[in-house]
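*Asks:*
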Amino acid sequence: MDKLPIKGILFDFGGTLDTDGNHWGEVLWDVYQHFDLPVAKADFREAYKTGERTLATQPLIQANFHFADVLRTKFGIQLDYLIAHRLLSLSSGEKEQLAASMTDYADGQTRAILAESAALLSELKKQYKLALVSNFYGNIRTVLEDASLLPLFEQIIESAVVGVRKPNPAIFALGVCALDLPASQVLVVGDSFPKDIKPAHRLGCHPIWLKGRQWEAEQQDETLPDAVVRHLSEIKAYL
2 MDKLPIKGIL FDFGGTLDTD GNHWGEVLWD VYQHFDLPVA KADFREAYKT
52 GERTLATQPL IQANFHFADV LRTKFGIQLD YLIAHRLLSL SSGEKEQLAA
102 SMTDYADGQT RAILAESAAL LSELKKQYKL ALVSNFYGNI RTVLEDASLL
152 PLFEQIIESA VVGVRKPNPA IFALGVCALD LPASQVLVVG DSFPKDIKPA
202 HRLGCHPIWL KGRQWEAEQQ DETLPDAVVR HLSEIKAYL
């Protein structure tokens, strides 16, 4: 196994550091199943997409929101969609209580993974410059501080702040500049092939695809990234 000529690492956040490679749509579907909700997956997918579009176009997430606040907002929008389309029957009070319970469960699962990610990044920081490049809602610093991750990064590049989103390679270029390294010495770790791996490769970085459960069942060219791993800790084998 060849070692990569790396001096800095750019990490994605959502789907990478918080779920160990699993797409958030799949993670939240697990929550629906845990609570035995009588919702078909196809209907859940529409509710999920509606929620993501809503958050992308409306300033519902505040800079001081914790991760649980983001989850509660997402579940609220999804449940509203399902209720409005008569796919789920809940009173207003029942909806609020269910959203709170789903949030507590999902937040607990996420905290455990974030703790593992923090331990790994603390180890990597001893040898490499680290930065974060994320499509997020403007509250990533609050989320990172809660997870003890904020001090580990040289800089945070957040789409809502810098005004550019993945898959535009420009957001990764900002990360490379933040590390003050040539792209050829920068590793990019992310769970999304189109949003992380392709733009990082185009920029000249070394991408590693953290391939968990995918939202879309598309075949990807797995020769494009320098490596494909199933768990975040496996990147150490290439450093």
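Under the numbering used here, residues 2 to 240 are what the sequence shown spells out, in order.
By construction, the Cβ of each residue, glycine as well, lies at the ideal position given by its N, Cα and C atoms.
Report the residue ranges of all alpha helix (DSSP H) runs contained in full by the segment 31-118; include only those spanning at least 4 residues, in chain order.
*Replies:* 42-58, 68-85
*Asks:* Name the two residues that bound the continuous beta strand (DSSP E) containing H207.
*Replies:* Locating residue 207 in the sequence shown gives position 206, where the first residue counts as 1. 207-211 is the span of the beta strand (DSSP E), which, as asked, contains H207.
*Asks:* Could you tell me how far apart the beta carbons of L204 and P168 are, in whole angstroms, since I believe they sit closer than 8 Å?
*Replies:* Counting from one through the sequence shown, the residue named residue 204 turns up at place 203. Counting from one through the sequence shown, the residue named residue 168 turns up at place 167. Contact doesn't hold; Cβ gap of about 11 Å is too wide.
*Asks:* What's the call for T111, buried or exposed, on a 16-neighbour Cβ count within 10 Å?
*Replies:* Against the sequence shown, residue 111 aligns to sequence position 110. T111 should be labelled buried.
*Asks:* Examine the Cβ distances between the segment 230-240 and the segment 11-21 and report whether three or more of them are shorter than 8 Å.
*Replies:* yes
*Asks:* Thinking L88 and V40 are a contact (beta carbons under 8 Å), I'd like their distance in whole angstroms, please.
*Replies:* As a first step, residue 88 must be located in the sequence shown, where it is residue number 87. As a first step, residue 40 must be located in the sequence shown, where it is residue number 39. In this structure, L88 and V40 form a Cβ contact; the two beta carbons are roughly 6 Å apart against a cut-off of 8 Å.
*Asks:* Could you tell me which whole beta strand (DSSP E) segments of length 3 or greater appear in the segment 122-184?
*Replies:* 130-135, 156-159
*Asks:* Taking its Cβ as the centre, do 16 or more other Cβ atoms sit within 10 Å of R73, making it buried, or is it exposed?
*Replies:* Numbered from its first residue, the sequence shown carries residue 73 at position 72. So R73 ends up on the buried side.
*Asks:* Starting from L11 and walking both ways along the beta strand (DSSP E), at which residues does that stretch end?
*Replies:* Stepping through the sequence shown from its first residue, residue 11 is reached at position 10. Residues 9-12.
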